[in-house]
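Numbering (the working numbering), first residue to last: 55 to 276.
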């Protein structure tokens, strides 16, 4: 997983919550208040989703797959069904991909797979630790790093977020194979560090999909 750096909550979003409190005399919640079935609710969700997608460099907060406004949904890290006091807290909101689906294979992962699953020691996408507990291999597989206090929860997150799904493994492998990792070139350590720097950061506000998986494989080349 790639660490997400949260920005300041959008002014329009905070203003909407303030106005709701003033008009209704109570705290707003995501369901029924912010997320309504009318045109206004749809526009609010789209506007917020666009902000989150851009904040994350257009990658899913869990799997690092490329996302846009139409291929993502608003994800509550603290499940909104269990933590109503956090359901409109901007720090708890992310953009997640929608998984894979077809008439033949349905492969659910990330936010939709997670649902209301929760453990108190889960590692947030904003926690720097999230880049230290998972390991990606050139074949696209993901594993937890052993010997750490977070190893057990990391393995549970892999399972309950579906990060070991067939589609994700294949997509990660293809992204790694398309990178410098599989080039038939003897790169210098300096060049490899340059590649790591590139994949670790946004380029014009966008991350390369599965960037952390590529970085892990590049680091093994040093």
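Positions of the beta carbon are idealized from the N, C-alpha and C atoms, including for glycine. As the structure is a prediction and not an experimental result, all values here were calculated from the model.
Three-state secondary structure assigned by DSSP to residue 145: In the displayed model, residue 145 falls within a helix according to three-state DSSP.
Euclidean distance between Cα positions of residue 74 and residue 125: 29 Å
Have a look at residue 157 and residue 269 and give me their C-alpha separation to the nearest angstrom. Bear in mind that a pLDDT of 48 at residue 157, under 50, signals an unreliable position, so the number given afterwards is only what the model happens to contain. Between residue 157 and residue 269, the C-alpha separation is close to 34 Å.
Note the first and the last residue of the continuous alpha helix (DSSP H) segment covering residue 190. Where residue 190 is concerned, there is no enclosing alpha helix (DSSP H), although the beta strand (DSSP E) it sits in stretches over 188 to 190.
The ligand NAP heavy atom lying under 8 Å from the CB of residue 113: No copy of the ligand NAP occurs in the structure displayed, which carries no ligand at all.
DSSP has residue 89 in a bridge; who is on the other side? 85
Out of 129, 100, 101 and 170, which has the shortest C-alpha to C-alpha gap to residue 114? 129
For residue 212, which of 164, 174 and 221 has the nearest alpha-carbon? 164
Could you spell out the range, first to last residue, of the alpha helix (DSSP H) harbouring residue 273? Annotation for residue 273: the continuous alpha helix (DSSP H) segment containing it runs 265 to 273.
In terms of residue numbering, what span does the beta strand (DSSP E) encompassing residue 129 cover? 126 to 130
Less than 9 Å between the beta carbons of residue 225 and residue 194, yes or no? yes
Return the chain-ordered list of same chain residues with a C-beta closer than 6 Å to the C-beta of residue 199, the five sequence neighbours on each side being excluded. For residue 199, the CB contacts under 6 Å within the same chain, skipping 5 residues up- and downstream, are 187 and 189 in chain order.
Could you pull the DSSP bridge partners for residue 113 from this structure? 120
Our contact map puts residue 239 next to residue 271 with C-beta atoms below 8 Å; I'd like the distance itself, whole angstroms only. Not quite, the Cβ-Cβ distance comes to about 15 Å (not below 8 Å), so this is no contact.
Terminal residues of the beta strand (DSSP E) in which residue 196 lies: Looking at the DSSP string, the run of the beta strand (DSSP E) that includes residue 196 is 196 to 198.
Could you check the C-alpha separation between residue 76 and residue 67 for me, to the nearest Å? Distance between the alpha carbons of residue 76 and residue 67: 15 Å.
So what's residue 243 in DSSP terms, helix, strand or just coil? helix
Let me check one thing: in DSSP terms, what residues is residue 257 bridge-paired to? Answer by DSSP bridge pairing, in chain order: 260.
With residue 134 as the anchor, note down where its alpha helix (DSSP H) starts and where it stops. Premise fails: residue 134 is in no alpha helix (DSSP H) and is neither H nor E.
Suppose contacts are defined by Cβ-Cβ distances below 9 Å. Is residue 145 in contact with residue 254 by that definition? no
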